[in-house]
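**Student:**
2 protein chains.
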Amino acid sequence: MGDESAGRRRRSGGREGNARRVSGFHLEQMPWRIPKNPDRPTEPVDPEGVLAIHKGAMRILSEIGIEFLNDEALAIFRQAGCRVADQNVRMGEDFVMEMVRRAPASFTITPRNPERQVVIGDGHMVFVNVSSPPNSWDLVRGKRPGDFETFRDFMKLTQVFNCIHIAGGYPVEPIDIHPSVRHLDCLFEKLTLTDKVCHAYSLGRERVEDVMEMVRIAGGLSHAEFEASPRMYTNINSVSPLKHDFPMIDGALRLARRGQPVVVTPFTLAGAMAPVTMAGAVALSIAEGLAAVALLQYVAPGCPVAIGTFTSNVDMRTGAPAFGTPEYMRATQITGQLARFYGLPLRSSGVCTANVPDGQAMWETSNSLWAAVQSGTNMVYHAAGWLEGGLIASPEKFVMDCEVLQMIQRYMEPETFATDPDAIAFDAVREVGAGGHYFGCAHTQARYQTAFYNPIASDWRNYEAWAQDGAVESPERAHRIARGLIDGFEAPPMDPAIREELAAFVARRKEEGGAPTDF
Amino acid sequence: MGDESAGRRRRSGGREGNARRVSGFHLEQMPWRIPKNPDRPTEPVDPEGVLAIHKGAMRILSEIGIEFLNDEALAIFRQAGCRVADQNVRMGEDFVMEMVRRAPASFTITPRNPERQVVIGDGHMVFVNVSSPPNSWDLVRGKRPGDFETFRDFMKLTQVFNCIHIAGGYPVEPIDIHPSVRHLDCLFEKLTLTDKVCHAYSLGRERVEDVMEMVRIAGGLSHAEFEASPRMYTNINSVSPLKHDFPMIDGALRLARRGQPVVVTPFTLAGAMAPVTMAGAVALSIAEGLAAVALLQYVAPGCPVAIGTFTSNVDMRTGAPAFGTPEYMRATQITGQLARFYGLPLRSSGVCTANVPDGQAMWETSNSLWAAVQSGTNMVYHAAGWLEGGLIASPEKFVMDCEVLQMIQRYMEPETFATDPDAIAFDAVREVGAGGHYFGCAHTQARYQTAFYNPIASDWRNYEAWAQDGAVESPERAHRIARGLIDGFEAPPMDPAIREELAAFVARRKEEGGAPTDF
Numbered sequence: 001m002g003d004e005s006a007g008r009r010r011r012s013g014g015r016e017g018n019a020r021r022v023s024g025f026h027l028e029q030m031p032w033r034i035p036k037n038p039d040r041p042t043e044p045v046d047p048e049g050v051l052a053i054h055k056g057a058m059r060i061l062s063e064i065g066i067e068f069l070n071d072e073a074l075a076i077f078r079q080a081g082c083r084v085a086d087q088n089v090r091m092g093e094d095f096v097m098e099m100v101r102r103a104p105a106s107f108t109i110t111p112r113n114p115e116r117q118v119v120i121g122d123g124h125m126v127f128v129n130v131s132s133p134p135n136s137w138d139l140v141r142g143k144r145p146g147d148f149e150t151f152r153d154f155m156k157l158t159q160v161f162n163c164i165h166i167a168g169g170y171p172v173e174p175i176d177i178h179p180s181v182r183h184l185d186c187l188f189e190k191l192t193l194t195d196k197v198c199h200a201y202s203l204g205r206e207r208v209e210d211v212m213e214m215v216r217i218a219g220g221l222s223h224a225e226f227e228a229s230p231r232m233y234t235n236i237n238s239v240s241p242l243k244h245d246f247p248m249i250d251g252a253l254r255l256a257r258r259g260q261p262v263v264v265t266p267f268t269l270a271g272a273m274a275p276v277t278m279a280g281a282v283a284l285s286i287a288e289g290l291a292a293v294a295l296l297q298y299v300a301p302g303c304p305v306a307i308g309t310f311t312s313n314v315d316m317r318t319g320a321p322a323f324g325t326p327e328y329m330r331a332t333q334i335t336g337q338l339a340r341f342y343g344l345p346l347r348s349s350g351v352c353t354a355n356v357p358d359g360q361a362m363w364e365t366s367n368s369l370w371a372a373v374q375s376g377t378n379m380v381y382h383a384a385g386w387l388e389g390g391l392i393a394s395p396e397k398f399v400m401d402c403e404v405l406q407m408i409q410r411y412m413e414p415e416t417f418a419t420d421p422d423a424i425a426f427d428a429v430r431e432v433g434a435g436g437h438y439f440g441c442a443h444t445q446a447r448y449q450t451a452f453y454n455p456i457a458s459d460w461r462n463y464e465a466w467a468q469d470g471a472v473e474s475p476e477r478a479h480r481i482a483r484g485l486i487d488g489f490e491a492p493p494m495d496p497a498i499r500e501e502l503a504a505f506v507a508r509r510k511e512e513g514g515a516p517t518d519f
Numbered sequence: 001m002g003d004e005s006a007g008r009r010r011r012s013g014g015r016e017g018n019a020r021r022v023s024g025f026h027l028e029q030m031p032w033r034i035p036k037n038p039d040r041p042t043e044p045v046d047p048e049g050v051l052a053i054h055k056g057a058m059r060i061l062s063e064i065g066i067e068f069l070n071d072e073a074l075a076i077f078r079q080a081g082c083r084v085a086d087q088n089v090r091m092g093e094d095f096v097m098e099m100v101r102r103a104p105a106s107f108t109i110t111p112r113n114p115e116r117q118v119v120i121g122d123g124h125m126v127f128v129n130v131s132s133p134p135n136s137w138d139l140v141r142g143k144r145p146g147d148f149e150t151f152r153d154f155m156k157l158t159q160v161f162n163c164i165h166i167a168g169g170y171p172v173e174p175i176d177i178h179p180s181v182r183h184l185d186c187l188f189e190k191l192t193l194t195d196k197v198c199h200a201y202s203l204g205r206e207r208v209e210d211v212m213e214m215v216r217i218a219g220g221l222s223h224a225e226f227e228a229s230p231r232m233y234t235n236i237n238s239v240s241p242l243k244h245d246f247p248m249i250d251g252a253l254r255l256a257r258r259g260q261p262v263v264v265t266p267f268t269l270a271g272a273m274a275p276v277t278m279a280g281a282v283a284l285s286i287a288e289g290l291a292a293v294a295l296l297q298y299v300a301p302g303c304p305v306a307i308g309t310f311t312s313n314v315d316m317r318t319g320a321p322a323f324g325t326p327e328y329m330r331a332t333q334i335t336g337q338l339a340r341f342y343g344l345p346l347r348s349s350g351v352c353t354a355n356v357p358d359g360q361a362m363w364e365t366s367n368s369l370w371a372a373v374q375s376g377t378n379m380v381y382h383a384a385g386w387l388e389g390g391l392i393a394s395p396e397k398f399v400m401d402c403e404v405l406q407m408i409q410r411y412m413e414p415e416t417f418a419t420d421p422d423a424i425a426f427d428a429v430r431e432v433g434a435g436g437h438y439f440g441c442a443h444t445q446a447r448y449q450t451a452f453y454n455p456i457a458s459d460w461r462n463y464e465a466w467a468q469d470g471a472v473e474s475p476e477r478a479h480r481i482a483r484g485l486i487d488g489f490e491a492p493p494m495d496p497a498i499r500e501e502l503a504a505f506v507a508r509r510k511e512e513g514g515a516p517t518d519f
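Sequences listed follow chains X and S, in order.
Quick note: the first sequence uses the UniProt record's numbering, first residue 1, plus one each step.
Quick note: the second sequence uses the UniProt record's numbering, first residue 1, plus one each step.
1. Threshold first: 4 residues or longer. Then list the alpha helix (DSSP H) segments lying entirely within the segment 335-398 of chain S, N to C.
2. Measure the Cβ-Cβ separation of S:K196 and S:T234 and say whether it is below 8 Å.
3. Please confirm if X:F439 has its CB atom under 8 Å from at least one CB of chain S.
4. Would you say S:A320 and X:Y438 are within 8 Å of each other, going by their C-beta atoms?
5. Distance check for S:E48 and residue 525 of chain S, CA to CA, integer angstroms please.
6. At the 8 Å Cβ level, is S:N462 part of the contact set with chain X, yes or no?
7. Which of the three DSSP states, helix, strand or coil, is assigned to S:L27?
8. Mind listing the chain S neighbours of X:N113? Cutoff is C-beta to C-beta under 8 Å, in chain order.
9. Going straight from the alpha carbon of S:E149 to that of X:P492, what length do you get?
10. Which same chain residues end up closer than 8 Å to X:M278 when comparing Cβ atoms and leaving out the 5 residues on each side of it in sequence?
11. Between the Cα of X:G309 and those of X:A200, X:A300, X:A322 and X:S349, spot the shortest distance and give me the residue it belongs to.
12. For the putative contact between S:C352 and S:S368, defined by C-beta atoms under 8 Å, what is the C-beta separation to the nearest angstrom?
13. Around the Cβ of S:R216, are there at least 16 other Cβ atoms within 10 angstroms (buried) or fewer (exposed)?
14. Which residue wins for smallest C-alpha separation from S:T416, given the options S:W32, S:F25, S:R508 and S:P38?
15. Just the C-alpha distance for X:R141 and X:V172, rounded to the nearest angstrom, thanks.
16. Looking at chain X, is there any beta carbon in it that lies within less than 8 Å of the beta carbon of S:S62?
17. Please name the residues in the segment 347-360 of chain S whose beta-carbon is closer than 9 Å to at least one beta-carbon of chain X, in chain order.
18. For X:N162, I'd like the list of residues in its chain whose CB is within less than 8 Å of its CB, leaving aside the five on either flank, ordered along the chain.
19. Once DSSP output is grouped into helix, strand and coil, what is the label at X:P111?
20. Could you tell me the distance, in whole angstroms, from the CA atom of residue 520 of chain S to the CA atom of S:V211?
21. Starting from the C-beta of X:Q360, find all residues in its chain whose C-beta is less than 8 Å away, skip the five residues before and the five after it, and write them out in chain order.
22. Does the segment 276-293 of chain X come close enough to the segment 54-61 of chain X that 3 or more CB-CB pairs lie under 8 Å?
23. Which word fits S:S458, buried or exposed, when buried means at least 16 other C-beta atoms lie within 10 angstroms of its C-beta?
24. Between X:L338 and chain S, is any beta-carbon pair separated by less than 8 Å?
25. Does the beta carbon of X:L502 sit closer than 8 Å to a beta carbon anywhere in chain S?
26. Between the Cα of X:D138 and the Cα atoms of X:I120, X:F25, X:V356 and X:D422, which residue gives the shortest distance?
27. Starting from X:S312 and walking both ways along the beta strand (DSSP E), at which residues does that stretch end?
28. Keeping to the same chain, check which residues put their C-beta closer than 7 Å to that of S:D401; ignore five residues upstream and five downstream.
29. Figure out for me which residue from S:W370, S:F323, S:G220 and S:S136 has the closest Cα to the Cα of S:P395.
30. Can you give me the start and stop residues for the beta strand (DSSP E) that S:D153 sits inside?
31. In the segment 245-277 of chain S, which residues sit with their C-beta less than 8 Å from some C-beta in chain X, listed in chain order?
32. Per DSSP, which one or two residues make a beta bridge with S:T234?
33. Does the segment 65-72 of chain S come close enough to the segment 242-250 of chain S to have 3 or more Cβ pairs within less than 8 Å?
34. Roughly how many whole angstroms lie between the Cα atoms of X:Y463 and S:E388?
Structure below.
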């Protein structure tokens, strides 16, 4: 795929932007920014409906209870006065709401490059790369298990695209690295190939502690500085219905105690792990999420948390999960209403069921990304690169999704809906008159370079020009862009002493055997 | 493309729905319904901004004026007390608003099959097929000029899909039929192959009168019955900036005087035929639209009208129009705010710039269709089948778009956001308990057949099952579905006497030479 000429030709031509020239490959993209969502959220449910779901969640917590497969958590709940029977924990509304009120409505996370700080909450919206697929798929090699080189490729894309704010979980699981040391190699790459906020999997004490230490070293921080404000985060999932397992809760407690944010995301698939009705699935999700939030706020009052939604439905013919459906959209919007009711930041996702980056992939992903906008989501997981319900990460899909993310960012810019006299442009209308043309008028000339969104992977030429240039469809265009960006990648700067310290830490921990793999 | 086995296999399996079996091809689709949009519209502009755009439009109308290339219209405006100089008409806010207030907030249109009646306005949303591309494109034959057989194919798709409510303009221009009689042949096909609401192009007296007469005959109506309520409609475009041409206004006047609805849709492309700023382009569009509405309401007080938005932006590198952009979305939402300010129904569109039904086509179309939802659009033109900025109609895209339209219809169904105790499902959560499964519980079993959206063109199987079955991507799946539906098409019933009368009318008008083609 060496010929980038079509892509280069399309992207030439004197437009402003945050031009990035790497080894002859030129990507014009929007500058880094943390978009703020100006839209009033879509609220499918009325206030009584919000209350009904809240009360449903509270009844689940007080009358049915949540299982915590973690002795430390059980002891804490017992101490807090909750009813604990074996691993079942029941908690009253007063306790839950008192704990929830301790959580901040928004917080920042500051990575090793402070210019890449993100805000979670307060109307902002940040985008996280695809996280955790076991496989990758690309146009040339098809579907194959994740490996370390592919992991690195995705880290490069994560770093290059300004519309990706956070380097979340592993874009693919690198199965060619032994699980005991995988987190060490992956985090070393993540922290050196990117300078964005990163994430720790809550998969056991050693992994979590190693990642926190590596983020601290990469930031050049003392232990006290690390704990003084959020520098990274974890995301935990419950085992729906009604269970939290040991390692997730263990990791969450470790981060919360050191002031690092925890996102709690139940995976409540309506009709499978949750009620077949969307409000029921949301109520279950809220109950599971708030149970963990309550635990963390009891242990570390005021620690930064967010609730995640991953409520979708199954295909009732097969039982397989479906994403980007109308039901998914409504569940996301409704969870947004609940998040605002509790004053917590919201995480949702950019998801699809499709296996390849075709039309289906993009209508499903568009559904989920617009639902994220409409729900007031603050943190969009899997915002770029996801396929096959999360079983595949694809570089082509990554680039195509970044186009949509950039359009969402542009959509949120106040210039697109300004109504000052300059925007109403009465004088220009008078100047051009009837039957005239606006290209040449002063009002247009002063604005045309930045007036409109400038695409990266779209081809806006007419059919004939497009056909004469090879009739290249969007996955192939995206493939060329991804290839060009990966081949021409230059890592962000890092103090050599810090890099050395990081490498030494990895070497020492590998010598010690890394993390146990027997859980 | 004779092998429909993949499609058939996917669509078998005992789901409820509005099953349609035609010649062995089975399409499970949603039943006919007129969806009602329950969402509060997205309002990017505050009330002062709405007023600023309104005042901008009023200043354009009173200080700059609109050119009407139609002597009858000029005489009417003169009679109404407007300032007319040559073809320029200036009108004051009081007059415009008095005329606008005469228009109904909503109206029905009843085609020959009264069960296909549509409501335009009052929170409803109806979908119109792709209209007016000169060319078609399909997977087998590529791009080629429109012809009569292809016109007929699209009419069949328009009829078969329940989510298409209106047979709008010609899906392709059939250039193998002489322009003088094209409207006669096309309308005969439209009125016999479909039983849905149809449309007349305002392209000269004879065409408009012929179509009205044919719709009257097809409905078995007396002249008085035809005029008693809307039975069809026309859509007119201004020649932006600031002009209305002769035939469009002529046709609009003819329909309005007989009580038939007129949609007025300026094509204000920001940076070309309109100011480069979106609020300016919308103000110009509103001015042009209301000028025609005022004319029609003066002549036929209370006649049904709607305002259309077709405000998008150009690609500033090439001057070519771009569709489905962030700017397009905001312009659509803002025009929705203005439509509600004036109490008029709104028409927008399902549009894209892409040349083929790939990922780009679907993210652009999704953008425009969700903008239609967010703007409170009542009538979505080009809702299925549009490509290349309106230069291509594609059967594959038609089917893919119908999937998105069905999802929008499902999204609007109250069951997706119900919060009654049954939906909260507390008892089911208690019954299933921790770690259980919801497939088998009574709450699921009672609902699973209708709980979730059931797709038509999506493939929700996992990668391996999909790959083993031929790795068929969405355009190919859509192609098979379109082919199966066209090949197995059965026309809706029509009284043979009416069909004969219609054929006789066509024969007579052809003998008379049809319509003049010299304008």
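All C-beta atoms, glycine included, are put in the ideal place defined by N, C-alpha and C.
**Tutor:** With the given structure in hand:
1. Secondary structure within the segment 335-398 of chain S: the alpha helix (DSSP H) runs of 4 or more consecutive residues, fully enclosed, are 359-374 (chain order).
2. no
3. yes
4. no
5. This structure cannot speak to residue 525 of chain S, because chain S is shown only from 1 to 519.
6. yes
7. strand
8. Per Cβ cutoff of 8 Å: no residues; X:N113 is ~28 Å from chain S at best.
9. 59 Å
10. A270, T311, N313, E327, R330, A331 and I334
11. Reading off the sequence shown, one finds Thr at residue 309 of chain X, where the question assumed Gly. Here the closest residue by C-alpha is X:S349.
12. 7 Å
13. Around the CB of S:R216, 16 or more other CB atoms lie within 10 Å, so the residue is classed as buried.
14. Ranking S:W32, S:F25, S:R508 and S:P38 by Cα distance to S:T416 puts S:P38 first.
15. 15 Å
16. no
17. Cβ contacts with chain X come from T353, A354, N355, V356, P357, D358, G359 and Q360.
18. N18, Q29, M30, P31, W32 and R33
19. X:P111 falls in the coil class under three-state DSSP.
20. What is shown of chain S runs 1 to 519, which leaves residue 520 of chain S out entirely.
21. C352, T353 and A354
22. yes
23. Residue environment for S:S458: buried (at least 16 other C-beta atoms within 10 angstroms of its C-beta).
24. No, X:L338 does not count as interfacial toward chain S.
25. no
26. Considering only X:I120, X:F25, X:V356 and X:D422, the residue with the shortest C-alpha distance to X:D138 is X:V356.
27. From DSSP, the beta strand (DSSP E) with X:S312 extends over S312 to V314.
28. G350, T365, A383, A384 and G385
29. S:S136
30. Run containing S:D153: none in the beta strand (DSSP E); it sits in the alpha helix (DSSP H), F148 to V160.
31. A270, G271, A272, M273, A274, P275, V276 and T277
32. DSSP lists S:A200 and S:V262 as partners of S:T234.
33. yes
34. 7 Å
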